[in-house]
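For what it's worth, the numbering used here labels the leading residue of the sequence shown as 3, then goes sequentially. Built from N, CA and C at the ideal position, the CB exists for glycine as well. These numbers were taken from a predicted model, which means no experiment stands behind them.
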Amino acid sequence: MDKPSRCTREALAEQILWLIRLRWIAVGSIIVACLMGTYVFPVLTDATPIYVCAALLLLSNILYLVAATRQVSRSSRRDIALAMIQVETDLVLLTAVLHFSGGAANPFFLLYVIPIIIATIILPKSMSHAAGLTAILLFGLLAASELNGGTWLGYYPLKFSAVGGLWRNRVYVLGAFTAFVCTVVLVQHLTRVVIARMTAKELEAARNNDVLQAVISAMAEGLIFINSDARVAICNPAATLWKRNGNTSLKDTSIDDFLSPLAGHMKVLLSDADRAASWTERIEFNTDAPDRRHIEVKSGPVVGIDGQRLGCVIVGQDLTEHRKLAKDLLERTEEVTEINEMLKMSRVEMAQREKMVAIGQMATGIAHEIGNPLASISSVAQYLARKITASDQKEQLLIIQYHVDRISTILKRMLGLSRPATSEYKWTDVNSLIDNTLSLINFDRRAQSVTVENRAGTDLPMMWLNPQHLEQVFLNIFINALDAMNAKDQEQKHNLKITTKCRNDVVEIRISDTGIGMKSEVCKRAFESFFTTKEIGKGTGLGLFISYNLVREADGTIELESELGRGTTVIIRIPLRPRKNLIAGDDE
Numbered sequence: 003m004d005k006p007s008r009c010t011r012e013a014l015a016e017q018i019l020w021l022i023r024l025r026w027i028a029v030g031s032i033i034v035a036c037l038m039g040t041y042v043f044p045v046l047t048d049a050t051p052i053y054v055c056a057a058l059l060l061l062s063n064i065l066y067l068v069a070a071t072r073q074v075s076r077s078s079r080r081d082i083a084l085a086m087i088q089v090e091t092d093l094v095l096l097t098a099v100l101h102f103s104g105g106a107a108n109p110f111f112l113l114y115v116i117p118i119i120i121a122t123i124i125l126p127k128s129m130s131h132a133a134g135l136t137a138i139l140l141f142g143l144l145a146a147s148e149l150n151g152g153t154w155l156g157y158y159p160l161k162f163s164a165v166g167g168l169w170r171n172r173v174y175v176l177g178a179f180t181a182f183v184c185t186v187v188l189v190q191h192l193t194r195v196v197i198a199r200m201t202a203k204e205l206e207a208a209r210n211n212d213v214l215q216a217v218i219s220a221m222a223e224g225l226i227f228i229n230s231d232a233r234v235a236i237c238n239p240a241a242t243l244w245k246r247n248g249n250t251s252l253k254d255t256s257i258d259d260f261l262s263p264l265a266g267h268m269k270v271l272l273s274d275a276d277r278a279a280s281w282t283e284r285i286e287f288n289t290d291a292p293d294r295r296h297i298e299v300k301s302g303p304v305v306g307i308d309g310q311r312l313g314c315v316i317v318g319q320d321l322t323e324h325r326k327l328a329k330d331l332l333e334r335t336e337e338v339t340e341i342n343e344m345l346k347m348s349r350v351e352m353a354q355r356e357k358m359v360a361i362g363q364m365a366t367g368i369a370h371e372i373g374n375p376l377a378s379i380s381s382v383a384q385y386l387a388r389k390i391t392a393s394d395q396k397e398q399l400l401i402i403q404y405h406v407d408r409i410s411t412i413l414k415r416m417l418g419l420s421r422p423a424t425s426e427y428k429w430t431d432v433n434s435l436i437d438n439t440l441s442l443i444n445f446d447r448r449a450q451s452v453t454v455e456n457r458a459g460t461d462l463p464m465m466w467l468n469p470q471h472l473e474q475v476f477l478n479i480f481i482n483a484l485d486a487m488n489a490k491d492q493e494q495k496h497n498l499k500i501t502t503k504c505r506n507d508v509v510e511i512r513i514s515d516t517g518i519g520m521k522s523e524v525c526k527r528a529f530e531s532f533f534t535t536k537e538i539g540k541g542t543g544l545g546l547f548i549s550y551n552l553v554r555e556a557d558g559t560i561e562l563e564s565e566l567g568r569g570t571t572v573i574i575r576i577p578l579r580p581r582k583n584l585i586a587g588d589d590e
């Protein structure tokens, strides 16, 4: 069965209903013609068969109406079959009416033209030809029956005189004239219906085309349609930005006018004619405009209702802002993740600091508690030293006294370090501060494999500063140096070297270690708060940050020189007297 190439399903259903409405008129016309042929112009031999034909036409039309209006899943094949049955039935009933009203001599045989015109309008080409062949065969059968004197189908002649020929009979002439007028009127009506519908369809198509053009032009996405002749049939304003050299003209656009990646993609689409009718491809490219844009396009085939490929459509959108937002979102996510990690580390570090504060407070109490027994031991040792005369026993008591004094000195230094820092500035011997701080770290197990070289300048003048602050700086740097050297091979010998000198009223302290060293990017961030390369729980990331601020408070500078795998040198430069404290305190 041919496909309804020019009739959509809705249009075909509407035409079937139109044919049913015409059939109501045909039923009424047959009944009126019978009444006139019986009572006004008594020319019919027997009107009963004609009334039967009218009743059959009425019944079939009711059945067609029910079938056409049933709420079932419709299909084009079903509607075409229904229309074909109606046309064939109409031809058979028209032949029967003509046969029972004079046969081929009935001038209303011209009405055969009407079903054929209707079949041509609503049916596919092959079926309309079949309907025409049916009309020819039926009229031929009618004529053959007339030639044989009605021996095949019976004979129902019209009752009027044929003397001098049919055209000499007024009733026949009137009937022929009436048949001709009816045929002309019906043909004109059908022609007007066809023309009106074609005009309406053209106007609707024109309106739809205008709407489509307006929608395509207003689209933010670019759209290109390439027909099967490799010609760019549609290119909206957004797609003109994809052309070479900023050419935004909408006229006379060809494939080669577009950027190379897109033009190459178009040629591949057109050359691959064997591809399936349903597919989608995606490519991305950048424009050459001053404001560089990133475009993503999707392409696919356009297939007509007859299954033939009409061309290809390409739709693209600008993803530049989307990419920027995605990049910004990724950066913000990384920042939030980094902040969350910092906060997590800060909580751990704060807990560690609170633990260290608690341990410091406990150590202070323990130092006080140890101090009393040590004082008693020292008193007993001194008393026994005075009483005993044996030299060997006296020497042993002196050893006890020496170690008791040593323990007392360590406890005093621990207590001094645990006291809250004050803002008291005074003249301070830097070398003494270094010695005191070194004496504290000498008892650290990390210092057991480290050789300390303290090359203090002999002519170093006194400095006006807060000694507790500077002692805290030295302690932080020494502990970092011990950690860096212990992170290296334990069997290797390590050196901690301290040098001091004074030049132009500025004291320079260099503290060098032979630890693991740092990369340049780590050195740049070493003085940031909470930045550490140590494991969680082993470093707070505040040591160098606090040291930096304490040195800056004294109008000094602190720098790092490091080489990965070879060690680090911390350089501290502090003026003999900070500018902001020139008028503070007493000159000595």
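For I573, the enclosing beta strand (DSSP E) stretches over residues G569 to P577. Spatial neighbours of R575 in its own chain (CB-CB distance under 6 Å, excluding positions within 5 residues in sequence) are listed in chain order as V508, E510, G558 and T559. A residue is called buried once 16 or more other Cβ atoms fall within 10 Å of its Cβ, and E530, having fewer, is exposed. Proximity to E565 across E555, L546 and D515 peaks at D515, based on C-alpha coordinates. Less than 8 Å separates the beta-carbon of A240 from that of G224. With a 10 Å radius around the Cβ and a threshold of 16 neighbouring Cβ atoms, L149 comes out exposed.
Take the alpha-carbon of Q398 and the one of M520: they are about 49 Å apart. For L272, the three-state secondary structure derived from DSSP is helix. Secondary structure note for A137: its alpha helix (DSSP H) is the uninterrupted segment K127 to L149. In terms of Cα proximity to C314, the closest of I226, N288 and D437 is I226. Setting aside the 5 residues that flank it on each side, T193 has no residue in the same chain whose C-beta is closer than 6 Å to its C-beta. Secondary-structure assignment with DSSP links Q319 through a beta bridge to E298.
As the crow flies, the alpha-carbon of I33 is around 7 Å from that of A56. Annotation note: the segment 26-85 contains the following uninterrupted alpha helix (DSSP H) runs of length 4 or greater, listed N- to C-terminal: 50-71.
In the three-state DSSP reduction, T289 falls in the coil class, being neither helix nor strand. For the pair of segments examined, the segment 135-145 was found not to touch the segment 204-220: the number of CB pairs separated by less than 8 Å stays below three. In the DSSP assignment, G545 falls outside any beta strand (DSSP E) and within the unbroken alpha helix (DSSP H) covering G545 to E555. In the structure shown, G224 falls within a strand segment according to DSSP collapsed to helix, strand and coil. Contact between A483 and I513 holds: their C-beta atoms lie close to 7 Å from each other, under 8 Å. For S441, the closest of L112, M465, L95 and T411 by C-alpha to C-alpha distance is T411. Each residue's CA atom was taken as its position, placing I124 and A70 some 15 Å apart. For S441, the uninterrupted alpha helix (DSSP H) run begins and ends at V432 to I443, by DSSP. Comparing C-alpha distances from K499 to each of V452, K428, A181 and S522 shows the shortest one belongs to V452. When the five nearest sequence neighbours on each side are left out, the beta carbons in the same chain lying within less than 7 Å of the beta carbon of P463 are those of C504 and L578, in order along the chain. By the CB criterion at 8 Å, A486 and I443 fall outside the cutoff.
Distance from the CA atom of E340 to the CA atom of V432, rounded to whole angstroms, is 40 Å. Spanning the alpha carbons of M344 and T335 requires a straight line of approximately 14 Å. In the assembly as shown, G569 is a buried residue. Its beta-carbon has 16 or more other beta-carbons within 10 Å.
Scanning V54, T47, S130 and S103 for the CA closest to the CA of Q88 turns up S130. Contact between N63 and I22 holds, with the beta-carbon distance rounding to 6 Å and staying under 8 Å. In this structure, T439 places its C-beta atom within 8 Å of the C-beta atom of F476.
For R246, there is no enclosing alpha helix (DSSP H), as DSSP marks it with neither H nor E. If you ignore the 5 residues before and after V45, its C-beta comes within less than 7 Å of the C-beta of G39, L160, K161, F162 and V173, all in its own chain and listed in chain order.
Collapsing the DSSP output to three states places D258 in a helix. Bridge pairing for L467: K428 [DSSP]. DSSP places I560 inside the beta strand (DSSP E), whose first and last residues are T559 to E565.
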